[in-house]
Amino acid sequence: MTSKQKDKIWTGILYVVSIFVVILLLILIGLIFYKGRNALNLSFLFGNPKVAEAGGGIAPMFFNSFYMLIVSLFITIPLGVGAGIFLAEYAKEGRLTDIIRLCIETLASLPSIVVGLFGLLVFVKMTGWGFSVLAGAMAIALINFPSLTRVSEDAIRSASANVKEGSLGLGATTWQTIAKLIIPIAMPQILTGVILASGRIFGESAALLFTAGMSAPPLNFDSISLAARSSPFSLFRPAETLSVYIWKLNSEGMVPDASDIANKASAVLVMMVLLFNVSSRMLGKKIHDKYSGEN
Amino acid sequence: MENKKFITKLKNEYLGRTYAFACGLFIIILTLSIIFFIFTKGIATFTKDGVSLAEFLFSTVWKPEGSPKSFGALIFIAGSTLVSVGAVILSAPISVALAIFMHYISPKFGSKVLQPALELFVGIPSVVYGWLGFSILLPMLKAGFGGIGFSLLAGIIVLSVMILPTIASISADAVKVVPANYMEASYGLGATRWQTISKVIVPAAKGGILTGVVLGLARAFGEAMAVQMVIGNSIKLADGLYSSTSTLTSILAMDMGNTATGSTWNDALWSMALLLLIISFIFILIIRVIGKRGE
């Protein structure tokens, strides 16, 4: 075989592999939506789950997934952006920065079930909150923390490149420059990262099994208190999310139509993730256009 | 006057700087406290319950309720190792092929189709992967090989899809930074594209590709839900690819909620969590060593 023929064959193989991967993805996504095609109906999306009886909905879990995401973002955005500011603007290359970077790497590569178990130990038991929205939100905030720090650091670095010296030259302090100038410029890019991470968090399950718990009390929207256990906005009630529900349906299957519900819930979950994905992409493109002056 | 100046300075600089510094420091505190809590919980099996480390690591007898009780975790350690190594063996060649294809064969198809496709693969939640494995892959395996479908093989296949984007995107970054003049020199010597790719590009990007593979391995090792849903969770060593077994993460997901705190059974589960933590440290160390060697 000449080396020309060999080249052709290998090029062919690379084509086949790449197309195979794309087709595999299309099939997977297609199957998820095909099997869950009846998900978009009101009694499913807004109905309560039933016990030992077919036809239940996913309303509480769907709500819990969103609520948990929002609570966790309230925890993780201030911390992540703060740490990003520190690494991009204040930290000097040296021992401390090295250690922080090592810690970020460590946190980022922790298996999420280990984070969940840490949450069980500290947020559930030590605090005495029990399985709760807050414990779950803290666990996923912990998972999101390293990636948000990295996103903020990158965004702040690229935002400060052109404006920092001008601002400092006008007599502003470093912090004034950061707060009034760099953060507003970096915000869209940070937001893109946050939305992308939200998609990942939305589907997280292993970290929530033992922190947010595996039960979802029916929601009663008469009360909006953050502390009363009966309120849907309570931070201290157990809150099974959509992804944990899918897992529980599979392992315990206490309703006759468990696999049907799991199909539909998977479709809803993937749809939400796609939505997060597309919106972060669109936002990213908008920023790119704005900066490259195409609009 | 002096005092007023300090207050202005406090408002404009010190408060913000302290906040950023605190966030940076918080990363270290968080990491250390995770290590501390998991470590103190995890060693109780050996210090309090008197199980020997050798038994835990090398015995295949897991009888937490039997008499005599035995807490050998080798089944789970072997299960985790086999399933993640299998997934990497299946996934790494495909991922590297994708990375090369994206950059050297068809950059347009790569950036317009493959890149977004990989991002979607990352976005699909692990319970959905598990559910797809359960509802589509298992029936296929059953039809092909008979038996129950739950198997090491099913776990390997599901995981290989899950870690594909990790390995592919890091390898893609690695082949991207190979200097263009390497390629030009190789072409100039009369080498074909495949000769250039296999003899110049891949060797030059070896470090980055290896990092991707190790990260993929780490992700596979720590994945809990998807594996638990398809591997069968029987407490025995796998005696072949098409044999059901358990992993460290799957036994944690299943048993942590059902065991009483303080019992040896529960403590042994925490030891497995500690083992997962230690293994994820080892992966980080390996990646650091690879990175250092590349410099």
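In the order they appear, the protein sequences are chains A and P. Residue numbers for the first sequence follow the numbering used here, so the first one is 13 and each next one is one higher. Residue numbers for the second sequence follow the numbering used here, so the first one is 31 and each next one is one higher. Ideal Cβ placement from N, Cα and C applies to all residues, glycine included. From a predicted model like this one, the values you see are computed outputs, not experimental measurements.
For residue i, name the three-state secondary structure that DSSP assigns.
| i | result |
| --- | --- |
| W295 of chain P | helix |
| N307 of chain A | Note that N307 of chain A scores 47 on pLDDT, short of 50, meaning its location in the model is unreliable and no value can be drawn from it. |
| S100 of chain P | strand |
| W259 of chain A | helix |
| W92 of chain P | strand |
| G262 of chain P | strand |
| T277 of chain P | coil |
| S121 of chain A | helix |
| D203 of chain P | helix |
| W300 of chain P | helix |
| L26 of chain A | helix |
| Y272 of chain P | coil |
| I194 of chain A | helix |
| E264 of chain A | coil |
| S158 of chain A | Looking at the sequence provided, one finds Pro at residue 158 of chain A rather than Ser. P158 of chain A falls in the helix class under three-state DSSP. |
| G148 of chain A | helix |
| L307 of chain P | helix |
| V334 of chain A | Outside the modelled stretch of chain A, which goes from 13 to 307, sits residue 334 of chain A, for which no answer is possible. |
| L219 of chain P | coil |
| I168 of chain A | helix |
| F222 of chain A | coil |
| Y44 of chain P | helix |
| A103 of chain A | coil |
| M286 of chain P | helix |
| F86 of chain P | helix |
| I178 of chain P | coil |
| W141 of chain A | coil |
Given a threshold of 16 other Cβ atoms within 10 Å of its Cβ, counted over all protein chains shown, does residue i qualify as buried or as exposed?
| i | result |
| --- | --- |
| P244 of chain A | buried |
| D301 of chain A | exposed |
| G174 of chain P | exposed |
| T279 of chain P | buried |
| S255 of chain A | buried |
| A215 of chain P | exposed |
| R249 of chain P | buried |
| P268 of chain A | exposed |
| I39 of chain A | exposed |
| N307 of chain A | In this predicted model, N307 of chain A has a pLDDT of only 47, less than 50, meaning its place in the structure is not dependable; the value taken from the coordinates is given anyway. Classification for N307 of chain A: exposed. |
| M80 of chain A | buried |
| F157 of chain A | buried |
| D297 of chain P | buried |
| A173 of chain A | exposed |
| T75 of chain P | buried |
| E253 of chain P | buried |
| M259 of chain P | buried |
| T38 of chain P | exposed |
Write down the C-beta distance between residue i and residue j rounded to the nearest angstrom, noting that I regard them as a contact closer than 8 Å.
| i | j | result |
| --- | --- | --- |
| S179 of chain A | G96 of chain A | The pair is not a contact, with the Cβ atoms about 18 Å apart (cut-off 8 Å). |
| A224 of chain A | A147 of chain A | 6 Å |
| E216 of chain A | S124 of chain A | 6 Å |
| N263 of chain P | M284 of chain P | 6 Å |
| A129 of chain P | A202 of chain P | 4 Å |
| R162 of chain A | A100 of chain A | No, R162 of chain A and A100 of chain A are not in contact; Cβ-Cβ is about 10 Å, not under 8 Å. |
| M150 of chain A | G128 of chain A | M150 of chain A to G128 of chain A, Cβ: 11 Å. No contact. |
| W295 of chain P | P94 of chain P | 4 Å |
| A167 of chain A | I202 of chain A | 5 Å |
| I231 of chain P | T23 of chain A | At roughly 14 Å, the Cβ-Cβ gap does not stay under 8 Å, so I231 of chain P and T23 of chain A are not in contact. |
| G102 of chain P | V113 of chain P | Actually they are not in contact, since the Cβ atoms of G102 of chain P and V113 of chain P sit about 19 Å apart, beyond 8 Å. |
Pull the bridge partners of residue i from the DSSP assignment, please.
| i | result |
| --- | --- |
| G72 of chain P | Paired residue(s): none; G72 of chain P is not in a bridge. |
Please state whether the Cβ-Cβ distance between residue i and residue j is less than 9 Å.
| i | j | result |
| --- | --- | --- |
| V243 of chain P | V118 of chain P | yes |
| S84 of chain A | I207 of chain A | no |
| W259 of chain A | G160 of chain P | yes |
| L189 of chain P | G116 of chain P | yes |
| L304 of chain P | F51 of chain P | no |
| F251 of chain P | I186 of chain P | no |
| T253 of chain A | N76 of chain A | yes |
| E149 of chain P | P209 of chain P | no |
| L238 of chain A | L247 of chain A | yes |
| G46 of chain P | A198 of chain A | no |
| I281 of chain P | M302 of chain P | yes |
| A204 of chain P | I239 of chain P | yes |
| V157 of chain P | L36 of chain A | no |
| G142 of chain A | P72 of chain A | no |
| L57 of chain A | F74 of chain A | yes |
| K298 of chain A | P200 of chain A | yes |
| I261 of chain P | F180 of chain P | yes |
| M226 of chain A | F45 of chain A | no |
| C115 of chain A | I57 of chain P | yes |
Residue i: beta carbon under 8 Å from a heavy atom of the ligand GTP?
| i | result |
| --- | --- |
| G237 of chain P | Here there are no bound small molecules, and the ligand GTP is not part of this structure. |
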